[in-house]
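Number of protein chains: 2
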Amino acid sequence: MSVKVCIVGCGAIGSLFAAHLARLEDVEVHAYDVYQEHVRAINERGLRISGAADFTAHLHATSDASQIPCCGFGIVATKSTHTRPAIEQTKHIFGPTGAVCSVQNGVGNEEILAQHVQYVIRGTTFPAGHLIEPGHVGFDISGDTWMGPFEPTNTPYDLVEQLSALLNRSGMRVIPLKDARGAQWTKLIFNASTNPVGALTLLHHRAATRLSSTGMLFNDLIAEGEAVAKALGIELHGDPRALVEKGANAAGKHNASMLQDVLAKRQTEVDFMNGAIVEWGKKTGVPTPLNRAMWQLIKGLEHSWTDPA
Amino acid sequence: MSVKVCIVGCGAIGSLFAAHLARLEDVEVHAYDVYQEHVRAINERGLRISGAADFTAHLHATSDASQIPCCGFGIVATKSTHTRPAIEQTKHIFGPTGAVCSVQNGVGNEEILAQHVQYVIRGTTFPAGHLIEPGHVGFDISGDTWMGPFEPTNTPYDLVEQLSALLNRSGMRVIPLKDARGAQWTKLIFNASTNPVGALTLLHHRAATRLSSTGMLFNDLIAEGEAVAKALGIELHGDPRALVEKGANAAGKHNASMLQDVLAKRQTEVDFMNGAIVEWGKKTGVPTPLNRAMWQLIKGLEHSWTDPA
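In order, the protein sequences belong to chains A and B. Counted from 1, the first sequence has number 232 at position 232 by our numbering; the numbering is strictly sequential. Counted from 1, the second sequence has number 1284 at position 284 by our numbering; the numbering is strictly sequential.
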C-alpha cells in the first residue's frame, strides 16, 4: 500500500521534495500549486530536476485542491506570506490523522498550520533551487533538512520518523529530532540578518558580507537573534555566522530571497523573519532594536510600491 | 565701496543666496560652480528665481576660481561630499580676513573649512529649491537661516552680524546667534532620521511619516540624536519632530535629498548626517545603534552601484 504525500506549494523547494519522493514506488505524490503553467508542464512531461541531481519524476499536479485525495503527509513549501491561504485550500486533504510539515523560511508558519490541521512538523531545509522554466527546476545547492514535532500539537514523534525515512530513501537528507527549534532558529537568525540587509542595499550576499559596514550589521543583527533564542531556552544548531561565511564563499553572485522579492516587488517574508524575532523578543523581554528597524524599513519599502516617491 | 561675496557651490541653495545678494547695489556677487552650463546661462541671461520670489539677478559666475577677486565673505553651499575640493579650489579668495559660512546639510563641514580659511561661520538654512534648468532655480520653500561663529576659529561675532545684515537686506531671513549649534543640530537630527529612511524605503516624506512603521523609526532615530546633543551640552532649537510634521503637511510629494541622491546614484551626505551622530555619540559615550545601522545600510547601497546584485 502506498503512502500519499501532498506538496503544498510546488515552487523550487517544493519541487525538489516532490520529485525526489515521486521516485519511490511506494509513494504517491500530489503537488498543489497556483502556478498553472508549471502544473500543466508537470502533468504533461513530468517534473525535471537538474543540477545537484538530474532526473525527471512523474507525479500528479493540480491548482484545484478538491482534486487531491486524502494524504497521510503534507509538505508545505509556499512563501511564508502564502501559508494561510494555501492551508485553507488544502486542509481537507489531511483528515484527522495527517501530519503536515513546514519546510518554509522563518518562524510562525507552524502556528498557522496548527490552526487548520491536527499534526504539524517543524521543518528547516537548506537545499536551494530555482525555477528554470515551467516543469523544470534547477537544484542549486544540496543540503540537510531538520524535522521535529511542532510542540503545541503533540505530534507523535513516530510521524516525524516516518516522513524522515521516506525522504531519506528518496535521496533528500533529513535528520529527525525531538526538538527541531535549534536548527530552525539558526537558519532564522541567518536569514533575518542577510535578507533585509541585502534587500535594502541591493548587494549580493558576498559583497554584503565582505563590505565592513554591512558585515558589521550582520553581526549585530545575529547577536540580537541569539539573545532571543537564549531567552527562549533554544540551543542553536551551530553558529549563524558560519552560514553567512559559507554563503559568501560560494561561487557566483547570490541574491538573498528577500532581495529577489524586492526586485520583483513581491511581498517579502519579513514578518516571519525580523518581525518574528521582534515579537519573541517582546515576549521574553529581550531588546531587538536593529531587527525592529529592519522590519520597519522593509515594510516601508513594500509600501512604496503602492505609493511611489 | 561694495562688499564682495563669493558663493561656493551655486546649485539650488547657493543660487537662492547668490541671486538675493546680487540685488543689493553695494554687494558684488561671484558664484563658483563646476556645472558649466549653469555658469554660462547665469553670465548670459542672469540668474532667474521663481516660486516663493520671482526675479532675475545679474552676477558673475565661473568654474575657474582663479578668476574670482578677493572676497570678504564666502557662502559654501555645495553637497557636503564636495566641501573639501570646493574650498581647496577657492580658499585663496578669502585672504587672511575673509569669513566663510557653511549653509550645508549635516555637521562636519565647518571643520573642513577651518582647515583652509581663517574665519568660519556655522550656518543652517531651511529654504528649499531645485534647479529648473541652467540659469533658473525654483524657490520651493522660503525659510530662516541661523548663523553663529564656528567656535574653534574664534570668528568675531561682528562678522556674523555683518553677513546677516547683508542677507536680511537682500530678502533672505537670517538670525545671527552667539551659539548656532542648536539650530544646526535640530536640522541634523531631522535630516538623519528622514533622509536615510526615505532613501532606503523609496518613500516620499509624507508617506514615510504617516506609515506607522517608518514613522516610529523616525522617532527612535530622533531620540538617539537628541541624546547625543544633550551630552554635548547643545540646547536644540525646537523639536525635530515638528520639522518632520511640517514637511509631511506640505503640499505635493517631497523626496528627501538623500533619496534624490540614491535615485541618481550620487554619493550621499550620510557621513555628515548619521555618520556624524555616530562619531559624536562615540566621543560622548552615547549609544547610537540605529544611526549606525542607517549609516551602514546607506554605505552598502552606495557600494552596490559599483558591485551590483
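Built from N, CA and C at the ideal position, the CB exists for glycine as well. None of the values given here were measured: they were computed from a predicted structure.
By the neighbour-count definition (other C-beta atoms within 10 Å, threshold 16), B/Thr1097 is an exposed residue. Contacts with chain A at 8 Å (Cβ-Cβ) do not include B/Val1228. Non-local C-beta neighbours of A/Gly138 in its own chain, meaning closer than 7 Å and more than five positions away in sequence, comprise Ser50, Gly51, Gly129, His130 and Ile132, ordered along the chain. By the neighbour-count criterion, in which 16 or more other beta carbons inside 10 Å mark a residue as buried, B/Gln1115 falls on the exposed side. Take the alpha-carbon of B/Leu1021 and the one of B/Trp1146: they are about 17 Å apart. Of the candidates B/Arg1040, B/Lys1246 and B/Glu1161, the residue whose Cα lies closest to the Cα of B/Ala1061 is B/Arg1040.
At a cut-off of 8 Å between beta-carbon atoms, A/His237 makes no contact with chain B.
Between the C-alpha atoms of B/Met1273 and B/Arg1266 there is a straight-line separation of about 16 Å. Within the region 1181-1198 of chain B, the residues whose Cβ lies closer than 8 Å to any Cβ of chain A are, in chain order, Val1197 and Gly1198.
For B/Thr1124, the enclosing beta strand (DSSP E) covers residues Tyr1119 to Thr1125.
Contact between B/Val1076 and B/Ile1093 does not hold, since their C-beta atoms are separated by about 11 Å, which reaches or exceeds 8 Å. For A/Lys299, the nearest CB of chain B lies under 8 Å from its own CB, placing it at the interface with that chain. Considering only A/Ala208, A/Ser2 and A/Ala264, the residue with the shortest C-alpha distance to A/Glu245 is A/Ala208.
Neighbours of B/His1204 in chain A, taken as residues whose beta carbon is under 9 Å from its own, are Ser304, Asp307, Pro308 and Ala309 in chain order.
Contact of B/Pro1289 with chain A by beta-carbon distance below 9 Å involves Asp220, Pro289, Leu290 and Ala293. For the options B/Leu1203, B/Val1197, B/Leu1113 and B/Leu1166, the alpha carbon positioned closest to that of A/Thr306 is the one of B/Leu1203. Judged by DSSP secondary structure, A/Arg241 falls within the alpha helix (DSSP H) whose first and last residues are Pro240 to Asn249. Nearest neighbour of A/Gln296 by Cα position, chosen from A/Pro134, A/Leu200, A/Phe218 and A/Ala223, turns out to be A/Leu200. Residue nearest to B/Lys1079 within the set B/Arg1241, B/Asn1105 and B/Val1117 is B/Asn1105 (criterion: CA-CA distance). A/Gly123 is the residue among A/Gly123, A/Ser193, A/Gly171 and A/Asp271 whose C-alpha sits nearest the C-alpha of A/Thr155. Counting only the Cα atoms, B/Tyr1035 lies some 59 Å from A/Ile42.
Nearest to A/Gly74 by C-alpha distance, out of A/Gln162, A/Pro127 and A/Val107, is A/Gln162. Among the residues facing chain A, B/Asn1274 is not included, as its CB has no counterpart in that chain under 8 Å away. B/Leu1290 is positioned such that its CB atom lies no closer than 8 Å to that of B/Asp1239. The continuous alpha helix (DSSP H) containing A/Trp295 extends over residues Pro289 to Ser304.
Spatial neighbours of A/Val3 in its own chain (CB-CB distance under 6 Å, excluding positions within 5 residues in sequence) are listed in chain order as Val27 and Gly72. Bounds of any alpha helix (DSSP H) do not take in B/Leu1131; it lies within the beta strand (DSSP E) bounded by Ala1128 to Glu1133. Scanning its chain for C-beta atoms nearer than 6 Å, with the 5 sequence neighbours on each side dropped, one finds around A/Thr125 the residues Val103 and Thr145, in chain order. B/Arg1045 sits away from B/Ser1170, with the two beta carbons spaced by 8 Å or more. Within the DSSP bridge table, the entry for A/Cys10 names no partner. B/Leu1159: member of the alpha helix (DSSP H) spanning Tyr1157 to Ser1170, first to last residue.
Within chain A, no C-beta atom comes nearer than 8 Å to that of B/Met1258; the closest sits roughly 12 Å away. Taking a 10 Å sphere around the C-beta of B/Glu1037, we find fewer than 16 other C-beta atoms and assign the residue as exposed. Contact between B/Thr1194 and B/Ala1256 is confirmed by a C-beta separation of about 5 Å, below the 8 Å threshold. When DSSP reads this structure, B/Val1029 sits in a beta bridge with B/Val1005. The three-state secondary structure of A/Ala53, taken from DSSP, is coil.
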